[in-house]
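I have placed the structure first, in the form of structure tokens, so that the comments after it can refer back to it.
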Amino acid sequence: MKKNEIIVAVTIIVLGLIAPKVLPSVWITVLSMAFYYAILTIGWNIIFGYTGLFSYGHAAFPAIGGYTSALLAQHIGLSPFLGLLAGAFIAGLLGIVIGLLILRVHGFYLCLVTWAFAEVVNVIITAEHQITGGTGGLLAPTFFSGPNAELFGYFMGLGLMMFAFLISILLYHSRWGLNLFAVRDDIDAAESMGIKTRFWKVFGFAFGCSLAGLAGAYFAHFLGLIDPGIGGLDQMGYVCLIVIIGGLGTVYGPILGSFFVVITKELISGYASGYSLLIFSVIMILAVRFLSGGFMEIIQVISPRLNNRYLKFVNK
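Numbering follows this note's numbering, in which position 129 of the sequence shown is assigned residue number 169; successive positions increment by one, without gaps.
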């Protein structure tokens with residue numbers, strides 16, 4: 041890790057620790073949902089931003105991770121903490137299987153196939169009501185049952201988000217990351233250099249799916265409930281929006297985008313909650329048209345002008 045990345049990580053942790061002391065209690069849940077989306081979109085950023093695979097079925101994997109953890113807790117009494125590992129493992133394992141089956145297709149066809157997979161998962165979850173609870177969802181034990189359960193869940197989310205963030209940074213700067221970027225940028229050139237492109241495509245896909253499973257397990261145990269909505273098509277729209285607004289293929293983009301989208305959604309909920317998807321759709325169109333690099337593009341432009349050494353971390 042670079043020095044500036046350490047500074048950013050420490051800053052996020054400090055702000056995360058301070059926030060519950062200075063913000064109203066309702067914001068604990070809001071920020072916890074931002075943590076969830078950050079973990080989820082860091083995973084998708086690795087799949088699409090790092091590896092170049094446009095998966096439109098990413099929302100299926102938090103559902104898989106969340107239901108896995110909730111079912112194991114319900115039937116064998118597995119603790120939520122071990123459930124996090126189980127959710128990530130099963131989602132990653134399915135990511136490997138699905139990756140081996142579908143990653144021979146590219147572009148638009150990959151988007152369609154992954155979307156179809158997500159729809160199949162959602163139909164199964166909804167239909168198998170005796171196992172999954174159907175549309176009513178499934179109860180899951182929270183991380184802590186005392187009076188500070190929500191606060192404890194908040195700190196769990198902060199820790200998991202930082203874990204995913206640091207993993208994405210290490211991957212970004214590693215030889216593994218270079219192999220993923222080579223697959224993304226020019227697969228033919230990567231193959232001519234001896235890079236096993238099929239292996240790295242499956243690796244990037246499964247790695248991102250595993251983080252999505254981790255996010256889903258956290259979601260289930262923070263709220264104490266998981267339902268089919270976690271894998272809905274609208275969730276995939278939010279994933280795309282977050283990464284595009286934050287900055288596709290950057291290490292900071294998913295976190296910036298997650299906090300912007302979740303906080304903005306909360307602020308407008310009291311005034312135009314029924315139009316939130318419409319508002320965010322307009323924001324996405326404007327971002328794609330005028331700000332293809334997301335918030336990171338703005339920061340990269342203004343940081344040299346500010347001549348502040350603490351902002352130079354964005355110049356990659």
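Every residue gets a Cβ at the ideal spot worked out from N, C-alpha and C, and that includes glycine.
Around the beta carbon of N162, a 10 Å sphere encloses 16 or more other beta carbons of the protein chains shown; the residue is thus reported as buried.
According to the DSSP secondary-structure assignment, I266 is paired through a beta bridge with L178.
For T51, the uninterrupted alpha helix (DSSP H) segment begins and ends at K43 to V62. Residue range S316 to F330 is occupied by the alpha helix (DSSP H) that includes I325.
In the structure shown, the three-state DSSP call for R144 is coil. Counting of Cβ neighbours within 10 angstroms places M41 among the exposed residues, the total staying below 16. If you look at H115, you'll find it in the alpha helix (DSSP H) that goes A100 to I116.
As the crow flies, the alpha-carbon of Y149 is around 48 Å from that of V62. Your pair G333 and F245 does not check out as a contact, with CB atoms roughly 24 Å apart and the cut at 8 Å.
Inter-residue distance for F299 and A74 is about 5 Å (C-alpha atoms, whole angstroms). Taking each of V160, L93, G234 and A113 in turn and checking the Cα distance to H146, the smallest one comes out for L93.
Between P268 and F183, the C-beta spacing is not below 7 Å. The C-alpha of S316 lies about 7 Å from the C-alpha of I308. A direct Cα-to-Cα measurement between N85 and I285 gives close to 12 Å. T172: member of the alpha helix (DSSP H) spanning H169 to T172, first to last residue. Counting only residues of its own chain and dropping the five nearest sequence neighbours on each side, I142 has a CB closer than 8 Å to the CB of L150, V153, T154 and F157. For A49, the closest of G83, L210 and I165 by C-alpha to C-alpha distance is L210. Sorting V291, Y292 and G135 by C-alpha distance to the C-alpha of K241 places G135 at the top. In its chain, beyond the 5 residues on either side, A128, A131 and G132 have a beta carbon closer than 6 Å to the beta carbon of S250. With respect to the 7 Å criterion, A110 and A180 are classified as neighbours on the basis of their beta carbons. Linking T304 to I235 through their CA atoms gives a straight-line distance of about 42 Å. In this structure the segment 94-104 touches the segment 273-285; the number of beta carbon pairs closer than 8 Å is three or more.
With a cutoff of 7 Å on beta-carbon distance, A257 and G106 are scored as near each other.
L296 and L191 have their C-alpha atoms spaced approximately 22 Å apart. Counting of Cβ neighbours within 10 angstroms places V279 among the buried residues, the total reaching 16 or more. Positions of the alpha helix (DSSP H) runs, each at least 4 residues long and wholly inside the segment 216-292, are given as 227-232, 237-263 and 273-286 in order along the chain. Under the three-state reduction of DSSP output, F184 falls in the coil class, being neither helix nor strand. In terms of CA proximity to I87, F221 leads the group F221, M201 and G177. Judged by DSSP in its simplified three-state form, G127 adopts helix.
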